[in-house]
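Protein chains in written order, with the working numbering: chain W, 1 to 467; chain U, 1001 to 1467. From the three backbone atoms N, C-alpha and C, an ideal C-beta is built for every residue, glycine too. Notes for the one structure printed next.
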């Protein structure tokens, strides 16, 4: 663990070489960001992600782990307030609305992702921003500006913490706490100094470990729930004058010193105000861990081009980056639907059998012998080209051997949902409607009423209740 | 960052060599621990620490950082409930009672400490245990058994995470989350399996970085507040069936893999049921960071033995362990009372001038020129003997040079408050009364009424309200 007390030998020379004050620069940017300063294309894409997120959050309504967190919120929090728990159709204080909505956002594995940071911004930013906006009566434009600030901050913190961090830590939990603090802090009107306090209090709460993957435990939902709630806590405390460390990201006993070996402080402030990472963020198409998507798209291309039946496929090698092996490797025999979403053989099995790996296909996976047969037919192999391009680009490569010994090679350079292969607004609308229906909290008329409210968020004088 | 994915080269061979299931053994011990199985001396000492803790918690009442957290709790939590916020004299849900009481417990730097783990158990265990006990109507005996379980678990987790962890992470925040989960989980009646879920959900939330020390920021209070609240959250979620990682402590992507280089899994289960770490825990005598105490006692011995006036002392070298340099080194010119408590020159200056470094002396420190003059007269030096004995023993050594060039050497082998140099019950009672009076929430009659309720906690059929 890379303790770097003053004067000690740094494990990471970049941290020692840092002479600026990157945490403060990030906080100042977030505090000052106005709706008017954000390019229209960035706002439009943020609205797309907001609609996409609302679908994901509503889809989590009926799921066990989310229900446990909702019952906890009901026991610990107030029974009324101005902030809305989407899946429970009730209101409470912002803390618990953010917590439950964030838990619900990430469970279907359909929420967005930024490739370079391997960070899922929507699942932590929108819950904190929505709960705070509803609490303070913020406008739709302020809500969107705060959400952009959260994306821009969280993604840069994720990039800063780097690949070594992601090998053990769930970046959406750690960087996500800072992202949520920035979004909530922007809506509370924190100035640059108070925003830096919020970042400091967020960073010192940041947590989330991948160990749960081996056991198919519920921790992923806890990570997003706590990132949103803890970040919101940091912002509200800063508004009360509660102070935080000024260099929680890059300092000698800060996040990178404790939780990264390859952190580069320059990434915290990379082209703030000119590079918009919102535009680099990807929609998820398949309902599984993003690390499965490049290979899934590459396999889908082969299956469709050669019209392969599942029985014709004897063996598939997914050529992947190391991060995929770290996250997916521990899942050897998926026992739950959620664990299946972290299994390359499960995901490729569904693609081979159904040419689709959506919510319905995963829900039926445990009793789908044709797809499960691929547990023995799929393996992952580290690929130097794919690994070198990662995380900036997520290349998909598969080698497929048929029963008669033919070998076919499949490749995609941008998986479906990436900025160069994105969803149309019609596709986003349809995806969100499917997810909302899946959650079962709203009937068709309710979804028809909801969708225009989501798409027109920028025009609302006060965000108010959505569902 | 010591990522140890399956098959990778382990940075820490001890983690790879672990073949048992230490997290499960610890959880099983905590779930099964009964009051009747705990030696009377352990129970008695736990009562001592409970009384000592109540004084610390009440002392935090008037302090700014605690007030900010209490206002946050009032805004986010319910206005009634069965769990008591000691300093606010109101009740709420267990989550917020644990949060505020834990924030208040640690701010005066008078709460207990376990030397070997450098962990402050009272500040995180009692807030979680008391809030849960009041919520479920537990007896005093169950409250004490749960508290013992929390101490025994948290101390062992702190020892397990080791010195490399403590260099960057505030162990009371990280191990404290697990300790609080165990204490709350015991009161919720979790069985061994559910207790392991609670440990898993606690460990994946564990956080707290030392970076705030440089800025005298308020994070220390956030760390105890969140450890108690997050641990309690983990326990209540486990009671709802929410699952956690089964090897969150020792696993390949668990706490030690992410946050330690020298973790030894055997320490998690070291003599569970026969070694009682409660009996190894120290009271704090001076109102400052424990790392200042050995040198303070050594200097006090010299000052008293030679009846030295402050003016007679030209220079003092405190011969310390590396951990003292890591934690105290960043504070070069204390700007706040709380920061002064993390300054070796400030603490030794008060000892030289007042022969005492209590709450009152620190409160007056910033306008105490005689004590502040020692900022230039005190230095720390790494001492091989002291460092080798640490953290098992905290030896105090100082070299003092007088104005006429005489050099005096002072030494203590056990600072005041350590098990071999402990406080009597009368001293503990008097200390708790002083601290409660300092907080200003109770008048003398209120304190007189409170103290017998604290000392007789074991006899209460239901813990109920204390204040």
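Check your understanding: So what does DSSP say about residue 10 of chain W, is it helix, strand or coil?
Key -> For the purposes of this step, residue 10 of chain W is identified with residue 10 of the first chain, where counting begins at 1. Note that residue 10 of chain W has pLDDT 41, beneath the 50 cutoff, so the model's placement of it is unreliable and the number below is only indicative. Per DSSP, reduced to three states, the secondary structure at residue 10 of chain W is coil, with no helix or strand assignment.
When you compare the CB positions of residue 1065 of chain U and residue 1102 of chain U, do they come within less than 8 Å of one another, or not? Taking the first residue of the second chain as position 1, residue 1065 of chain U is located at position 65. Taking the first residue of the second chain as position 1, residue 1102 of chain U is located at position 102. No, the pair does not count as a contact, with Cβ atoms beyond the cut-off.
Can you tell me which residues form a DSSP beta bridge with residue 397 of chain W? Here residue 397 of chain W refers to the residue found at position 397 when the first chain is read from its first residue. The partner list for residue 397 of chain W (beta bridge, DSSP) reads W:319, W:411.
Buried or exposed (CB count within 10 angstroms, at least 16 for buried), residue 79 of chain W = Taking the first chain and counting its residues from 1, the one referred to as residue 79 of chain W is at position 79. That one is exposed.
| said: For residue 445 of chain W, list the residues DSSP reports as bridge partners. | reply: Along the first chain, read from residue 1 onward, the residue named residue 445 of chain W stands at position 445. For residue 445 of chain W, which the question treats as bridged, DSSP gives no partner whatsoever.
Please classify residue 1430 of chain U as buried or exposed, where buried requires at least 16 other C-beta atoms within 10 Å of its C-beta.
The residue you call residue 1430 of chain U lines up with position 430 of the second chain. By the Cβ neighbour-count rule, residue 1430 of chain U is exposed, with fewer than 16 other Cβ atoms within 10 Å of its own.
Does the beta carbon of residue 1077 of chain U sit closer than 8 Å to a beta carbon anywhere in chain W?
Here residue 1077 of chain U is taken as the residue at index 77 of the second chain, counted from 1. Residue 1077 of chain U counts as touching chain W.
| Short-range partners of chain W found in the segment 1191-1225 of chain U, where Cβ spacing is below 9 Å | Answer set for the segment 1191-1225 of chain U: 1197, 1200, 1201, 1203, 1204, 1205, 1206, 1207, 1208, 1209, 1210, 1211, 1212, 1213, 1214, 1215, 1216, 1217, 1218, 1219, 1221, 1222, 1223.
Q.
Residues of chain U with CB closer than 7 Å to the CB of residue 49 of chain W, please, in chain order.
A. By one-based count along the first chain, residue 49 of chain W stands at place 49. Result: empty, since nearest Cβ-Cβ is about 26 Å, beyond 7 Å.
message = The alpha helix (DSSP H) that contains residue 1171 of chain U, what's its start and end?
response = Here the question's residue 1171 of chain U lines up with position 171 in the second chain. First-last of the alpha helix (DSSP H) with residue 1171 of chain U: 1171-1187.
- Task: Report back the beta-carbon spacing between residue 1190 of chain U and residue 1235 of chain U to the nearest angstrom; my notes put them in contact at under 8 Å.
- Result: Translated into positions along the second chain, residue 1190 of chain U becomes position 190. Translated into positions along the second chain, residue 1235 of chain U becomes position 235. Yes, residue 1190 of chain U and residue 1235 of chain U are in contact; Cβ-Cβ is about 7 Å, under 8 Å.
### Query
Taking only beta-carbon atoms, is residue 409 of chain W less than 8 Å away from chain U?
Your numbering for residue 409 of chain W matches position 409 in the first chain. Not closer than 8 Å to any Cβ of chain U, the Cβ of residue 409 of chain W fails to qualify, so no.
Ignore the nearest five residues each way along the sequence and tell me which others in residue 281 of chain W's own chain have a CB closer than 6 Å to its CB.
Locating residue 281 of chain W in the first chain gives position 281, counting from the first residue. Residues 112, 114 of the same chain have their beta carbon placed closer than 6 Å to that of residue 281 of chain W, with the five preceding and five following residues left out of the count.
Review point. For residue 117 of chain W, which residues in chain U fall below 9 Å Cβ to Cβ?
Key: Along the first chain, one-based indexing puts residue 117 of chain W at 117. Contacts between residue 117 of chain W and chain U, judged by CB atoms closer than 9 Å, are missing: the closest CB pair is about 16 Å apart.
Alpha carbon to alpha carbon, how far is residue 1069 of chain U from residue 241 of chain W? Translated into the one-based positions of the second chain, residue 1069 of chain U becomes position 69. Translated into the one-based positions of the first chain, residue 241 of chain W becomes position 241. Roughly 10 Å separates the two Cα atoms.
Where residue 1095 of chain U meets chain W, residues with beta-carbon distance less than 7 Å:
Your numbering for residue 1095 of chain U matches position 95 in the second chain. Neighbours of residue 1095 of chain U on chain W, chain order: 76.
- Query: Would you call the segment 1272-1289 of chain U and the segment 239-253 of chain W in contact, with 3 or more CB pairs under 8 Å?
  - Reply: Judged by pairs of C-beta atoms under 8 Å, the segment 1272-1289 of chain U does not touch the segment 239-253 of chain W, as fewer than three such pairs exist.
Closer than 7 Å, Cβ to Cβ, to anything on chain W: give me those residues from the segment 1142-1173 of chain U, in chain order.
Result list: 1164, 1165, 1167, 1168, 1169.
- Task: Have a look at residue 1443 of chain U and residue 178 of chain W and give me their C-alpha separation to the nearest angstrom.
- Result: Here residue 1443 of chain U corresponds to residue number 443 of the second chain, with the count starting at 1. Here residue 178 of chain W corresponds to residue number 178 of the first chain, with the count starting at 1. Going from the Cα of residue 1443 of chain U to the Cα of residue 178 of chain W covers about 42 Å.
(request) For the alpha helix (DSSP H) holding residue 1196 of chain U, just list the boundary residues, first then last. (result) Residue numbering aside, residue 1196 of chain U sits at position 196 when the second chain is read from its first letter. Residues 1192-1203.
For residue 1235 of chain U, name the three-state secondary structure that DSSP assigns. On the second chain, residue 1235 of chain U is found 235 positions in, with the first residue counted as 1. Under the three-state reduction of DSSP output, residue 1235 of chain U falls in the helix class.
*Please report the residue range of the beta strand (DSSP E) in which residue 1092 of chain U lies.*
Along the second chain, read from residue 1 onward, the residue named residue 1092 of chain U stands at position 92. Element bounds for residue 1092 of chain U: 1090-1092.
Practice item. Tell me where the beta strand (DSSP E) around residue 1382 of chain U begins and ends. Key: Residue mapping note: residue 1382 of chain U aligns to position 382 of the second chain, counting from 1. Note, residue 1382 of chain U: beta strand (DSSP E), 1378-1382.
Measuring CB atoms only, is the segment 1335-1351 of chain U touching the segment 1370-1386 of chain U, in the sense that at least three cross pairs come out at less than 8 Å?
The segment 1335-1351 of chain U makes contact with the segment 1370-1386 of chain U: 3 or more CB pairs, one atom from each, lie closer than 8 Å.
Cross-chain neighbours of residue 1342 of chain U in chain W, by beta carbon under 9 Å = For the purposes of this step, residue 1342 of chain U is taken as the residue at position 342 of the second chain. Those do not exist, as residue 1342 of chain U stays about 13 Å from chain W at its closest Cβ, beyond 9 Å.
- Would you kindly work out how many angstroms separate the C-alpha atoms of residue 6 of chain W and residue 1328 of chain U, rounded to a whole number? For the purposes of this step, residue 6 of chain W is taken as the residue at position 6 of the first chain. For the purposes of this step, residue 1328 of chain U is taken as the residue at position 328 of the second chain. Because residue 6 of chain W sits at a pLDDT of 38, beneath the cut-off of 50, its placement in the model cannot be relied upon, and the point is left open.
* To do: Return the bridge partner residues of residue 1313 of chain U from the DSSP annotation.
  => Reading the second chain from its first residue, position 313 is the one you call residue 1313 of chain U. DSSP output for residue 1313 of chain U lists U:1402 as bridge partner(s).
> Does the separation of the CB atoms of residue 133 of chain W and residue 58 of chain W fall below 8 Å?
Replying inline: Within the first chain, numbered from 1, the residue matching residue 133 of chain W stands at position 133. Within the first chain, numbered from 1, the residue matching residue 58 of chain W stands at position 58. No; because the gap between Cβ atoms is not below 8 Å, this pair is not in contact.
Quick one: what does DSSP say residue 1223 of chain U is sitting in, helix, strand or coil? To locate residue 1223 of chain U, count along the second chain from 1; it is residue 223. Under the three-state reduction of DSSP, residue 1223 of chain U is assigned to helix.
Among W:465, W:460, W:467, which one has its Cα closest to the Cα of residue 139 of chain W?
By one-based count along the first chain, residue 139 of chain W stands at place 139. Restricting attention to W:465, W:460, W:467, the CA atom closest to the CA of residue 139 of chain W is found in W:460.
Top-ranked residue by Cα proximity to residue 203 of chain W, from W:216, W:172, W:36, W:217: Within the first chain, numbered from 1, the residue matching residue 203 of chain W stands at position 203. With respect to the C-alpha of residue 203 of chain W, the residue from W:216, W:172, W:36, W:217 having the closest C-alpha is W:172.
Handout entry: Span separating the alpha-carbon of residue 1217 of chain U from that of residue 1209 of chain U
Key = In the second chain, counting from the first residue as 1, residue 1217 of chain U sits at position 217. In the second chain, counting from the first residue as 1, residue 1209 of chain U sits at position 209. Rounded to the nearest whole angstrom, the C-alpha separation of residue 1217 of chain U and residue 1209 of chain U is 12 Å.
Margin query: Rounded to the nearest angstrom, what separates residue 193 of chain W and residue 181 of chain W at their Cα positions?
Written below: One-based indexing of the first chain puts residue 193 of chain W at position 193. One-based indexing of the first chain puts residue 181 of chain W at position 181. Each residue's Cα considered, the two are about 14 Å apart.
Margin query: Once the 5 residues before and after residue 20 of chain W are set aside, which same chain residues still bring their CB inside 8 Å of it?
Written below: Position 20 of the first chain, counted from the first residue, corresponds to residue 20 of chain W. Take residue 20 of chain W, set aside five residues on each side of it, and the residues of its chain with a beta-carbon closer than 8 Å to its own are 265, 269, in chain order.
**Study point:** Nearest candidate by alpha-carbon position, reference residue 61 of chain W, set W:90, W:48, W:44
**Key:** By one-based count along the first chain, residue 61 of chain W stands at place 61. Closest in alpha carbon position to residue 61 of chain W, among W:90, W:48, W:44, is W:90.
* In chain U, what lies closer than 9 Å to residue 374 of chain W by C-beta? -> On the first chain, residue 374 of chain W is found 374 positions in, with the first residue counted as 1. Going along chain U, no residue has its Cβ under 9 Å from residue 374 of chain W, so there is no contact; the nearest lies around 21 Å.
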